[in-house]
Structure formats: C-alpha cells, structure tokens
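Numbering (my numbering), first residue to last: 12 to 344. First up is the structure itself, then whatever we jot down about it.
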C-alpha cells in the first residue's frame, strides 16, 4: 500500500469518481444505480463521464423511487452482483429505511450466513449550503446504530477513494456518507491498489494535551481549532475514526490515555448522537485516565435553518471546538 504523501493530489469528488471507475473496470459485477447519475452525471457530478465509458447497463438512471431502487440493489447483491447505489442526498434514505434497516442489514443474519449483501449506498450529506431543513442532515448516528451495516465517513480525498474501493469489495452492506462540504477539497489520492481497512482510525495531528475525535468534515474544523490552540501552547491530538461502524476504539482509547482529556466533534444533533456514543465509549474504557469530563461539540438541537446567518450559527465551528478544549482543560487543572 502506498502512502498518502506519495500519492497524486486531486479533489474529493474526483477521488470518488476514480474509485468507481477503477472498480467498474476491475470487476464486471460492479454497477452503479441511482437518481440522475447517468445523463446528468450526478447532482454533485461524482459520476461524471462514467455513463459514456461504461454504458447504460452499468450506469443506470432511476426514477425518484428510493425504496424501489435500494431494494433492487439489495436483490442484485443477493444474486451475486456488487451494486453501488447513489441517493441524491442522505435525507432521501429516510423513505428507504425499511429496505436499509430491515433488509440490507438483516439478510445475512436471517439466512443464517448463507446469503451476503455486497451493497454500497452512497449518500451526500451535511449542512452549510442553504439547502433548508430537509436537505441538511448529518445522519451518521442513525446508520451506526444498526447491526449488520458498516458505515464509512471519509474526510480526505485519499480516504474517499480508498474507503470506497474497500466498500465495493466488501461482502456486507456499507453506508458510505460523503460530506457535501468536502467535494472540492483537494489532497493526495492513491492508486488502484490503495485500500483503507474498515475500523482503522487515522491520527491527523499529534498532541499531548487533549484528544479531539472528529468525524467527516468536522476533522477539518478540529484541525483549524488545533492550529488556534497551538498558538496558545495547547497541543491537541486529532483522531479521525474514518469508519463509525466498525469504530477503532483502540486508537481512540490509546490517545485519550496519553492526553487525559477528550473532546468529540460531530455535525449531527446532540441527543443520542454519534458524539454521545463515542463519549460513552471513552468513559467506559478510559475513565481512570480522564482528568476532566468529556466535552461534546454538535450542531444545535434544531432543524437546520435556511437563512445563512442562522444556518451558520447552528453548525459547529473551530471556535466552538477550541472553547470545548479550553473548558475540559480548565476543569482538569
């Protein structure tokens, strides 16, 4: 496996396109299906050029019928194909939750392990683009809650490509959550053989004073906060889980046991959220090493507003993360 430092720089969007192109070329059982992914090349242009390269039998446009084409993907996966299903935005998964939770996640169990479901469901999500309360969801916690699903939340172009390739080759259903705010982000991207295993966190920045665990776009918010805090003499270690199910609790616990302080950053809502789950796991496994309570940083507990100033006020920012780090360090002093 080559290193990120040696890889070629490209955008998060193009990294995803490369992953799908390479897997379509590598495996004739892979196909893409979803709303406007062919002629329109996807709402966020992630499938740009693939219809022309692979034709309508492998890049399939669908009607607006999420439960229908997610169900089609599940059936195709049970029959031995490897579908990559794209939902236009993550909120459209709500109308397909029966297929995702009761079928995709449970079929291997219900069939006693005799049937696998090698299915990927790609979903853009997140807020910050004035798309209103119904198109600004961060639902990582919903899918992480469900046994039988794997959940990937890449924060970098390298991970976007490598994790998507891993997901397509996996024999279990994978929910692949892409932050709309990262599509233009540029960075190193690996080659056709670069894969990232599920359940392997990345340390994005080392530090000795506080562990900051952040998911998806929030990794970059945490890194901005860490830069600000470094000027104050506070060195944060930023841990990116990369997948929330499986969760690399070993890497998280190792960091917390060294820094003795912890902040968890999650763009989702605070009640029963991803940050709450990770914080609980930290308490369970690292209580004797903590010098202060774990702090959570979340979106406000409201539907995401449309007005730009209100939307921004509802979302986590670097200054919120920095304030949480200062607060936990103050309590541990």
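In this text, a Cβ means the ideal position worked out from N, Cα and C, and glycines have one as well.
Bounds of the beta strand (DSSP E) holding residue 133 are 131-136. Ranked by Cα distance from residue 151, the first of 172, 253, 265 is 253.
Uninterrupted beta strand (DSSP E) stretches at least 3 residues long and entirely within the stretch 34-114 occur at 41-45, 70-72, 93-97, given in chain order. For a cut-off of 8 Å, the C-beta gap from residue 332 to residue 274 is around 7 Å, short enough to register as a contact. A contact is defined here as three or more CB-CB pairs under 8 Å, and the stretch 295-314 fails this definition with respect to the stretch 192-203. Cβ neighbours of residue 288 within its own chain (closer than 8 Å, five residues either side excluded): 152, 155. The DSSP-derived three-state label of residue 209 is coil.
Using a Cβ distance threshold of 9 Å, residue 103 and residue 163 do not count as a contacting pair. Per the C-alpha coordinates, the member of 318, 127, 272 positioned closest to residue 246 is 272. For a cut-off of 8 Å, the C-beta gap from residue 158 to residue 212 is around 21 Å, too long to register as a contact. The residues 173, 176, 177, in chain order, have a CB closer than 6 Å to that of residue 206 in the same chain once the five nearest residues on each side in sequence are set aside.
If you draw a straight line from the Cα of residue 222 to the Cα of residue 93, it is about 38 Å long. Counting the other CB atoms within 10 Å of its CB gives residue 248 a total of 16 or more, which places it among the buried residues. For residue 250, same chain residues with a beta-carbon under 8 Å away, outside a window of 5 residues either side, are 212, 213, 214, 215, 222, 223, 224, 225, 262, 263, 266 in chain order. Contact between residue 148 and residue 191 does not hold, since the beta-carbon distance rounds to 11 Å and is not under 8 Å. Remark: C-beta atoms of residue 326 and residue 278 approach each other more closely than 9 Å.
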